[in-house]
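Order-wise, the sequence lines are chains X and W.
Letter by letter, the first sequence follows residues 223 to 335 in this note's numbering.
Letter by letter, the second sequence follows residues 206 to 317 in this note's numbering.
Beta carbons: idealized from backbone N, C-alpha and C, even for Gly.
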Amino acid sequence: ETGVTQTPRHLVMGMTNKKSLKCEQHLGHNAMYWYKQSAKKPLELMFVYNFKEQTENNSVPSRFSPECPNSSHLFLHLHTLQPEDSALYLCASSGTPRTDTQYFGPGTRLTVL
Amino acid sequence: QKEVEQDPGPLSVPEGAIVSLNCTYSNSAFQYFMWYRQYSRKGPELLMYTYSSGNKEDGRFTAQVDKSSKYISLFIRDSQPSDSATYLCAMSENSGNTPLVFGKGTRLSVIA
Numbered sequence: 223e224t225g226v227t228q229t230p231r232h233l234v235m236g237m238t239n240k241k242s243l244k245c246e247q248h249l250g251h252n253a254m255y256w257y258k259q260s261a262k263k264p265l266e267l268m269f270v271y272n273f274k275e276q277t278e279n280n281s282v283p284s285r286f287s288p289e290c291p292n293s294s295h296l297f298l299h300l301h302t303l304q305p306e307d308s309a310l311y312l313c314a315s316s317g318t319p320r321t322d323t324q325y326f327g328p329g330t331r332l333t334v335l
Numbered sequence: 206q207k208e209v210e211q212d213p214g215p216l217s218v219p220e221g222a223i224v225s226l227n228c229t230y231s232n233s234a235f236q237y238f239m240w241y242r243q244y245s246r247k248g249p250e251l252l253m254y255t256y257s258s259g260n261k262e263d264g265r266f267t268a269q270v271d272k273s274s275k276y277i278s279l280f281i282r283d284s285q286p287s288d289s290a291t292y293l294c295a296m297s298e299n300s301g302n303t304p305l306v307f308g309k310g311t312r313l314s315v316i317a
């Protein structure tokens with residue numbers, strides 16, 4: 223079973239709600255990622271954190287706000303989302319800075335009404 | 206032109222068939238190539254990892270990279286119903302925590 227866990231697994235929210243997605247990795251990795259997976263589209267990288275510092279933000283709208291309190295935990299805070307934000311949100315982690323092997327969590331299936 | 210092209214399928218084959226999954230790419234700087242398998246309602250899991258050109262075999266799976274043609278393949282021998290999943294190719298330019306560029310994924314069904 224994966225060393226990356228995500229909660230909740232399913233989330234339904236209205237456009238005015240505020241919710242948070244949580245990711246935890248038990249692999250001792252230093253880098254963590256948020257991806258968005260929509261039907262018939264490639265995985266879209268949203269944010270990259272390395273040693274708790276954000277190193278990449280791929281022009282993600284400000285209604286998505288990441289937080290990385292330590293190397294094992296990653297959050298994605300959501301507010302005033304749009305229906306087109308409905309997707310599978312995947313968290314991943316990778317090891318030392320010299321590896322590209324990313325390990326994914328099971329994802330949170332988000333539906334915005 | 207998209208950076209990584211992958212036929213989304215769906216691809217349906219009988220049990221025992223040899224399956225060939227492919228991706229093409231445009232960035233000649235890509236050096237690291239991966240195949241991920243994603244079962245329904247699960248996150249992607251790393252299946253194969255290769256560096257530069259050549260072949261890599263792991264059980265029933267063989268990954269091939271042809272950098273001159275910018276073409277990578279995943280072959281599955283003696284396919285099983287448990288191989289039914291979406292297969293995503295991914296690649297990156299260099300080592301380090303370099304974000305991967307993914308294909309859209311090919312949905313495979315192996316029929317018993």
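Where does Gly-298 (chain W) fall in DSSP's three states?
It should be pointed out that residue 298 (chain W) corresponds to Glu in this sequence rather than to Gly. Coil, per DSSP.
Which chain X residues sit within Cβ distance under 7 Å of Pro-286 (chain W)?
Per Cβ cutoff of 7 Å: no residues; Pro-286 (chain W) is ~21 Å from chain X at best.
If I measure Cβ to Cβ from Asn-227 (chain W) and keep anything under 6 Å in the same chain, skipping five residues before and after, which residues do I get?
Ser-278
Which partner residues of Ile-281 (chain W) appear in the DSSP bridge assignment?
W:Val-224 and W:Phe-266
Per DSSP, what kind of secondary structure is Asp-212 (chain W) in: helix, strand or coil?
In the structure shown, Asp-212 (chain W) sits in coil (DSSP, three-state: anything other than H, G, I, E or B).
Taking CB distances under 8 Å as the criterion, tell me whether Gly-329 (chain X) reaches chain W.
yes
Under 6 Å Cβ to Cβ from His-299 (chain X), same chain only, skipping five residues before and after it: list those, please.
Ser-242 and Ser-287
Taking 8 Å as the cut-off, decide whether the C-beta atoms of Leu-313 (chain W) and Gly-214 (chain W) are in contact.
yes
Asn-252 (chain X) and Gly-219 (chain X) - do their beta-carbons sit closer together than 8 Å?
Any question about residue 219 (chain X) goes unanswered here, given that chain X covers just 223 to 335.
I'd like to know whether the C-beta of Pro-235 (chain W) is nearer than 8 Å to at least one C-beta of chain X.
It should be pointed out that residue 235 (chain W) corresponds to Phe in this sequence rather than to Pro. Chain X contact via Cβ: absent.
Please report whether the beta-carbon of Gln-213 (chain W) lies at a distance below 8 Å from any beta-carbon of chain X.
Rather than Gln, the amino acid found at residue 213 (chain W) in this sequence is Pro. Cβ-Cβ to chain X under 8 Å: yes for Pro-213 (chain W).
Rounding to the nearest angstrom, what Cα-Cα distance links Gln-304 (chain X) and Met-254 (chain X) in this structure?
25 Å
How many angstroms separate the CA atom of Glu-246 (chain X) from the CA atom of Asp-212 (chain W)?
Using only the alpha carbons, I get a separation of about 33 Å.
Given a limit of 9 Å on CB to CB distance, which residues of the segment 226-251 of chain W reach chain X?
Tyr-237, Met-239, Tyr-241, Gln-243, Arg-246, Lys-247, Gly-248, Pro-249, Glu-250 and Leu-251
Comparing the C-beta of Tyr-276 (chain W) with each C-beta of chain X, is any distance below 8 Å?
No, because no Cβ of chain X sits closer than 8 Å to the Cβ of Tyr-276 (chain W).
Quick one: list the residues of chain X neighbouring Lys-309 (chain W), beta-carbon separation under 7 Å, in chain order.
In chain order: Lys-262, Lys-263 and Pro-264.
What residue range does the beta strand (DSSP E) around Ser-281 (chain X) cover?
Unbroken run through Ser-281 (chain X): none, as it is neither H nor E.
With a threshold of 7 Å on Cβ separation, who are the neighbours of Met-268 (chain X) within its own chain once the five nearest residues in sequence on each side are excluded?
Trp-256, Tyr-257, Lys-258, Asn-280, Val-282 and Phe-286
For Ser-258 (chain W), which option in W:Pro-249, W:Glu-220, W:Gln-269 and W:Arg-246 has the closest C-alpha, if you only look at C-alpha atoms?
W:Gln-269
If you drop the 5 nearest sequence neighbours on each side, which residues of the same chain put their C-beta closer than 7 Å to that of Asn-292 (chain X)?
Lys-274
On a CA-only basis, which of W:Met-239, W:Ser-233 and W:Ser-273 is nearest Phe-266 (chain W)? Give me that one, please.
Here the closest residue by C-alpha is W:Met-239.
Determine the extent of the beta strand (DSSP E) in which Arg-242 (chain W) is found, giving its start and end residues.
237-243
Is Val-306 (chain W) closer than 8 Å to Glu-210 (chain W) when the C-beta atoms are compared?
8 Å or more divides the Cβ of Glu-210 (chain W) from the Cβ of Val-306 (chain W).
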